[in-house]
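Q:
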Amino acid sequence: TLPNLELNELSRCLEFELERYIPGKKKESMMIDYKILYSLVNNQMVVFLIALERQIIEERISLVIDAGLLPNSINIDSLALMNAYNAAQLYSKEVMAILDIGHAVTKLVVFQGDTLYFSRDINNGVYDLIRLVCERTNVDFNTLNELGTNLAEKSKDLYMEIKKNLNGLVDELRLSFEYCARHLQKKIGQLYLSGGGSKIKIIEEALATNLNLKTSGLNITQGFKLAPSVKREDLKEYGLLLAVAVGLATG
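262 is the number of the first residue of the sequence shown in the numbering used here; add one for each residue after it.
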């Protein structure tokens with residue numbers, strides 16, 4: 262959040278902001294971009310700042326070129342999640358949140374239409390959750406994985422242990438949503454889940470209950486027009502896993 266500034270003043274201001282958030286990095290070693298998202302009533306504006314190490318970008322571009330392709334644009338997961346939601350034509354006037362629960366990293370994005378309000382990475386994923394449960398219950402990873410859905414019916418002890426280990430994630434989300442409400446004046450109306458962790462039903466149940474928020478899986482394929490040779494039922498299993506890929510392809 263910054264005071265309302267002219268574009269030339271904003272560019273200089275963001276150089277100082279970059280030093281606050283990424284201390285010790287020289288501007289020459291970074292690739293920087295930004296977008297003014299919207300203005301606040303108190304003569305301030307919200308700016309989305311992106312800064313990536315130039316070496317990392319150049320390495321990724323080289324991989325694409327070596328594969329015989331020409332990169333057209335560079336995007337990030339948080340914008341891709343928003344793009345995927347809009348591409349699926351799941352229109353809503355509410356402020357939405359998507360939680361992409363990956364193997365090692367969980368990504369949160371808050372947006373409305375095509376305006377991004379907030380994004381962050383939470384440095385643990387479904388693997389960390391399952392590993393902790395395995396350690397505390399002496400159940401090996403493969404056995405837990407094979408139990409799949411309806412875990413409460415199959416093993417109440419495991420069900421309760423997973424639920425208990427979700428408290429950290431719930432706290433992180435609660436803090437993020439409170440920040441959006443207090444500082445950005447944006448109250449989340451619905452939470453969507455995507456990624457591998459979204460297939461664990463207890464996560465959806467626990468988040469909906471603890472956050473008092475309507476929560477459901479984001480099946481990104483449900484709004485797509487499919488070729489005659491593709492059956493919608495065949496895609497159902499993968500719909501929760503495709504949000505980032507679809508967003509990158511359509512962004």
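C-beta: ideal position from N, C-alpha, C; glycine also.
Quick caveat: nothing in here was measured; it's all calculated off a predicted structure.
Provide the residue span of the beta strand (DSSP E) that contains G500, from first to last.
A: Taken as a continuous stretch (DSSP letters only), G500 belongs to no beta strand (DSSP E), as it is neither H nor E.
Q: Report back the beta-carbon spacing between I311 and Y295 to the nearest angstrom; my notes put them in contact at under 8 Å.
A: That pair is a contact at about 7 Å.
Q: Using the three-state DSSP reduction, which class does E278 fall into: helix, strand or coil?
A: It is helical.
Q: Identify whether A413 lies in helix, strand or coil by the three-state DSSP scheme.
A: The pLDDT assigned to A413 is 48, lower than 50, so where the model puts this residue is not dependable; a value taken from the coordinates is nonetheless given after this. If DSSP states are grouped into helix, strand and coil, A413 belongs with the helices.
Q: Within the chosen definition, does the stretch 354 to 367 reach the stretch 484 to 499 through at least 3 CB pairs nearer than 8 Å?
A: Judged by Cβ distances under 8 Å, the stretch 354 to 367 makes no contact with the stretch 484 to 499, as fewer than three pairs qualify.
Q: Leaving out five residues on either side along the sequence, give the residues of the same chain with a beta carbon under 7 Å from the beta carbon of F372.
A: Same-chain partners within the cutoff: M343, M357, Y378.
Q: In three-state DSSP terms, what is A328?
A: Three-state DSSP puts A328 in coil, outside helix and strand.
Q: Given a threshold of 16 other Cβ atoms within 10 Å of its Cβ, counted over all protein chains shown, does G329 qualify as buried or as exposed?
A: So G329 ends up on the exposed side.
Q: Would you say D361 and V507 are within 9 Å of each other, going by their C-beta atoms?
A: Their beta carbons are not under 9 Å apart, which means D361 does not touch V507 by this criterion.
Q: If distances are taken between C-alpha atoms only, which option among R435, G484, L487, I481 comes closest to T470?
A: For the residues R435, G484, L487, I481, the minimum Cα distance to T470 belongs to R435.
Q: How about I293 and F309: do their beta carbons lie closer than 9 Å?
A: Against a cut-off of 9 Å, the Cβ pair of F309 and I293 comes out as no contact.
Q: Would you check if the stretch 451 to 460 and the stretch 320 to 328 touch, i.e. whether three or more CB-CB distances between them fall below 8 Å?
A: Judged by Cβ distances under 8 Å, the stretch 320 to 328 makes no contact with the stretch 451 to 460, as fewer than three pairs qualify.
Q: Thinking C-beta only, is T367 closer than 9 Å to L430?
A: Going by C-beta atoms, L430 is nearer than 9 Å to T367.
Q: Let me check understanding here. Comparing Cα to Cα, which of A365, Y299, L445, L331 lies closest to D551?
A: No statement about residue 551 is possible, as the shown extent of the chain runs from 262 to 512 and does not include it.
Q: R443 to S380, Cα distance in whole Å?
A: Near 16 Å, if we compare the C-alpha coordinates of S380 and R443.
Q: In three-state terms, what does DSSP make of I337?
A: Three-state result, I337: coil.
Q: Return the chain-ordered list of same chain residues with a C-beta closer than 7 Å to the C-beta of N347, the five sequence neighbours on each side being excluded.
A: So the list reads D375, once near-sequence residues are dropped.
Q: Which of the three DSSP states is assigned to D495 in this structure?
A: Here D495 sits in helix by DSSP.
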